[in-house]
Amino acid sequence: MKKLYSYIRWSTDKQTGNTSLERQTEKAKQYAAIHGLEYVQILDAGVSAFRGKNTTQGAFSGFINAVKAGVISSDSWLYVENLDRLTRQDVMTALNLFTSLLKLGLTIVTGMDGKIYTEESISNNVNDLIMSLFLFSRANEESLTKQKRAYETTLKLIERHKSGLPTNIKSAGSTPFWIDATGPNTEAVKPHPIYFKAAKEAVRLLLSGWGNYRVANYLNENSDIYPPPPGKKTRNKNREARWTVPNIKKMRLNRALMGEKVLTLNNVTYHLEDYFPPVCTPAEFARLQDVACNNKMPQGCKKKVITLLSGMGILRCGHCGGAMTSFSKQGKIRYLCESGKKRMSSCKAWSVSGELVERCLLYPLISGYMSLVIEDQNAGESLADQIDSKRSELELVESQIGNLTTAITMGGNLESLVTQLQELESRKRGLLLELDKLSQRELLQGSREQQIEKIVDTVEMLTPQLLEDTTHPNRLNIREVVRAVISSVTISKAKDKTLTLRYEIYDRQRYLFEGQIKTDNNGNKLCGYAMYVETPVFSDKVPPEVIKKYHDSGKLLVQKIDEMLIGFPRINPSCFVSKQ
Numbered sequence: 001m002k003k004l005y006s007y008i009r010w011s012t013d014k015q016t017g018n019t020s021l022e023r024q025t026e027k028a029k030q031y032a033a034i035h036g037l038e039y040v041q042i043l044d045a046g047v048s049a050f051r052g053k054n055t056t057q058g059a060f061s062g063f064i065n066a067v068k069a070g071v072i073s074s075d076s077w078l079y080v081e082n083l084d085r086l087t088r089q090d091v092m093t094a095l096n097l098f099t100s101l102l103k104l105g106l107t108i109v110t111g112m113d114g115k116i117y118t119e120e121s122i123s124n125n126v127n128d129l130i131m132s133l134f135l136f137s138r139a140n141e142e143s144l145t146k147q148k149r150a151y152e153t154t155l156k157l158i159e160r161h162k163s164g165l166p167t168n169i170k171s172a173g174s175t176p177f178w179i180d181a182t183g184p185n186t187e188a189v190k191p192h193p194i195y196f197k198a199a200k201e202a203v204r205l206l207l208s209g210w211g212n213y214r215v216a217n218y219l220n221e222n223s224d225i226y227p228p229p230p231g232k233k234t235r236n237k238n239r240e241a242r243w244t245v246p247n248i249k250k251m252r253l254n255r256a257l258m259g260e261k262v263l264t265l266n267n268v269t270y271h272l273e274d275y276f277p278p279v280c281t282p283a284e285f286a287r288l289q290d291v292a293c294n295n296k297m298p299q300g301c302k303k304k305v306i307t308l309l310s311g312m313g314i315l316r317c318g319h320c321g322g323a324m325t326s327f328s329k330q331g332k333i334r335y336l337c338e339s340g341k342k343r344m345s346s347c348k349a350w351s352v353s354g355e356l357v358e359r360c361l362l363y364p365l366i367s368g369y370m371s372l373v374i375e376d377q378n379a380g381e382s383l384a385d386q387i388d389s390k391r392s393e394l395e396l397v398e399s400q401i402g403n404l405t406t407a408i409t410m411g412g413n414l415e416s417l418v419t420q421l422q423e424l425e426s427r428k429r430g431l432l433l434e435l436d437k438l439s440q441r442e443l444l445q446g447s448r449e450q451q452i453e454k455i456v457d458t459v460e461m462l463t464p465q466l467l468e469d470t471t472h473p474n475r476l477n478i479r480e481v482v483r484a485v486i487s488s489v490t491i492s493k494a495k496d497k498t499l500t501l502r503y504e505i506y507d508r509q510r511y512l513f514e515g516q517i518k519t520d521n522n523g524n525k526l527c528g529y530a531m532y533v534e535t536p537v538f539s540d541k542v543p544p545e546v547i548k549k550y551h552d553s554g555k556l557l558v559q560k561i562d563e564m565l566i567g568f569p570r571i572n573p574s575c576f577v578s579k580q
């Protein structure tokens with residue numbers, strides 16, 4: 001039995017809930033039954049034919065390719081409600097598509113009038129060809145008229161938003177799942193009553209260092225509190241809606257999170273700030289992207305090893321300056337010179353025990369975090385000045401962005417203007433990140449009781465179990481502390497295979513761990529190490545008693561950290577001599 005393929009298409013998701021599917025399906029089934037054909041449905045929901053999108057992607061594109069490949073018989077029938085379901089492109093493009101389908105051997109039927117088109121009928125009856133040309137021309141003109149009307153409406157709504165009036169633009173751009181845009185054009189969009197809470201929770205978890213997979217898994221486990229948004233319509237109607245990694249990945253990149261709507265009209269991109277109810281601040285959005293790029297952790301359903309240093313751009317080889325990455329074997333971490341591994345430098349693929357590097361990290365980490373939290377009044381005033389300076393710079397950059405955006409909308413050297421705009425947007429993201437870090441430091445300057453509480457909370461997370469269990473969930477939180485406190489970690493190996501570990505804190509203080517090989521009275525070689533705290537170089541104007549007080553306080557701090565780390569495995573001196 002020959003098959004009748006009923007092609008059903010509508011352009012926008014807004015039409016999904018209407019009677020389009022029911023109407024087109026019923027008529028096609030009746031036609032198939034009357035003519036003794038087996039009914040098969042091809043569905044393209046929310047796919048536009050104005051620019052030929054349905055012929056390059058989606059179900060109809062797959063149908064055409066299947067006929068060409070011989071998977072679908074070329075003597076099949078193609079049923080459409082009318083010819084504009086096939087395409088709404090210009091007449092010549094539409095005619096080429098129409099005739100190419102007929103040349104494949106297909107029989108095309110239009111349900112609107114029961115008209116049958118074949119290659120033979122078109123060749124023998126020029127009136128059929130003329131009628132098809134007329135129908136394609138009318139469909140294209142209708143689409144052009146709709147496009148022009150939508151364009152004019154959208155421009156008016158953009159101006160309305162810029163004037164500060166509530167606006168709901170439905171004719172261009174997209175609306176994220178956590179927003180309710182069901183109101184009229186003159187009413188502002190609102191937080192979705194169900195999904196906005198889920199978006200807020202997802203962002204909170206992402207900012208704390210969670211990966212996309214872990215966030216999606218958490219939301220699915222708590223779907224009674226955070227139900228997933230409905231996905232696109234598929235043939236599998238019984239498929240359960242779930243949070244997926246692509247959902248979360250797409251969401252974290254969406255500027256709508258900070259309230260900005262982005263839409264493009266006639267190749268001009270408009271950025272409408274304060275359009276959506278924000279899920280996060282611009283600074284938090286910038287941090288989301290920074291965490292995604294510089295705090296990369298492997299994703300998956302199994303427990304994954306979480307390193308404290310790799311993937312953040314701070315761990316470097318002391319010989320070639322290249323990044324050091326990590327690998328693990330049986331839960332044990334090793335940090336490896338990536339440049340040597342890939343033969344991008346003169347380095348060999350040498351590695352060092354992650355257990356040693358992370359154990360030594362505790363000294364600069366605790367010291368640096370305490371310095372970050374306990375700021376005196378002068379430091380507070382300095383931070384306020386820095387914040388004011390960065391805000392002024394940000395205002396200048398935003399003003400320049402506004403001027404460039406205006407210049408683009410008025411025409412001009414678009415390529416040059418767009419390049420400048422991209423550079424300014426990049427600078428703006430950087431400033432937002434810097435402001436965010438300064439603001440976090442400013443917030444840490446609470447009362448002494450609050451300062452002590454923050455330090456205790458962080459130190460309590462630093463346990464022997466956290467160092468031993470490389471999958472411990474608290475390692476993600478400590479990674480964020482490392483990102484805030486540690487500027488760089490450099491590891492090098494001497495000719496005698498002794499290791500040197502240098503940790504630089506955000507305030508330029510350095511902790512140096514230096515491996516040593518000594519010989520005892522019997523000629524036996526003994527492994528050891530020395531720890532130094534490299535302090536800033538003081539000018540001649542600083543009184544000697546002040547310098548002495550600074551050094552004494554540094555020694556006292558190291559003693560206090562030693563007391564905090566009682567119960568941790570001692571640093572093994574033999575680990576400072578590399579076996580590789």
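Quick note on the UniProt record's numbering: the sequence shown kicks off at 1 and runs consecutively.
Where is the CB? At the ideal position from N, CA and C, for every residue including glycine.
Taking 8 Å as the cut-off, the beta carbon of Lys-497 is found no closer than this to the beta carbon of Leu-438.
In its own chain, leaving out the 5 sequence neighbours on each side, no residue places its CB closer than 6 Å to the CB of Gln-57.
Taking a C-beta distance under 8 Å as the contact criterion, Pro-473 and Pro-569 do not qualify as a contact pair. In this structure Tyr-275 touches Gly-259 by the C-beta definition: roughly 6 Å separates them, less than 8 Å. Between Pro-176 and Asn-254, the C-beta spacing is below 8 Å. Restricting attention to Arg-343, Pro-573, Ser-351, the CA atom closest to the CA of Ser-328 is found in Ser-351. Nearest to Gly-62 by alpha-carbon distance, out of Thr-25, Tyr-39, Tyr-5, is Tyr-5. Annotated three-state conformation of Met-112 is coil, per DSSP. Contact between the region 519-539 and the region 547-559 is present, with at least three C-beta pairs closer than 8 Å. Taking the Cα positions, Gly-209 is about 22 Å away from Trp-178. For Met-461, the CB contacts under 8 Å within the same chain, skipping 5 residues up- and downstream, are Asn-474, Asn-477, Ile-478 in chain order.
Counting along the chain, no alpha helix (DSSP H) covers Ser-353; the unbroken beta strand (DSSP E) around it starts and ends at 351-353. Taking the CA atoms as reference points, Gly-322 sits about 34 Å from Thr-281. Under the 10 Å beta carbon count, Thr-307 is surrounded by 16 or more other beta carbons and is classified as buried. Its Cα nearest to that of Leu-431, the residue Gln-386 stands out among Gln-386, Thr-458, Ser-492. Apart from sequence neighbours up to five positions away, the residues of its chain that approach Thr-490 with a beta-carbon distance below 7 Å are Arg-316, Gly-318, Arg-502, ordered along the chain.
The alpha-carbon separation between Lys-249 and Leu-101 amounts to approximately 39 Å. Inside the region 239-284, DSSP marks whole alpha helix (DSSP H) runs of 4 or more residues at positions 245-253, from first to last along the chain. Sorting Lys-348, Ala-202, Ile-194, Asn-403 by C-alpha distance to the C-alpha of Glu-338 places Lys-348 at the top. Within the region 471-556, the runs of alpha helix (DSSP H) at least 4 residues long that lie entirely inside it are, in chain order, 474-485. Rounded to the nearest whole angstrom, the C-alpha separation of Gln-24 and Ala-59 is 16 Å. Burial state of His-35 is exposed, judged by a 10 Å Cβ sphere holding fewer than 16 other Cβ atoms. Burial is judged here by how many other beta carbons sit within 10 angstroms of a residue's own beta carbon; Gln-30 has fewer than 16 and is exposed.
Per DSSP, reduced to three states, the secondary structure at Met-92 is helical. Taking the C-beta atoms as reference points, Asn-65 is found no nearer than 8 Å to Arg-9.
When DSSP states are grouped into helix, strand and coil, Leu-394 belongs to the helix group. Each residue's CA atom was taken as its position, placing Ser-426 and Pro-277 some 24 Å apart. Boundaries of the beta strand (DSSP E) harbouring Ala-45: 38-45, taken from the DSSP string.
For Val-80, no alpha helix (DSSP H) segment is defined; the enclosing uninterrupted segment is the beta strand (DSSP E) at 77-80. Straight-line spacing of the CA atoms in Glu-81 and Asn-125 works out to 22 Å. In its chain, beyond the 5 residues on either side, Thr-107, Val-109 have a beta carbon closer than 7 Å to the beta carbon of Ile-116.
Contact annotation: the region 514-523 does not touch the region 362-374, with fewer than three C-beta pairs closer than 8 Å.
For Phe-177, the secondary structure class from DSSP, reduced to helix, strand or coil, is coil. Annotation for Asp-290: Leu-433 place their beta carbon closer than 6 Å to its own, counting only its chain and skipping 5 residues before and after. Per DSSP, Ser-328 is one residue of the beta strand (DSSP E) stretching across 324-329. Between Leu-424 and Ile-401, the gap from beta carbon to beta carbon is short of 8 Å.
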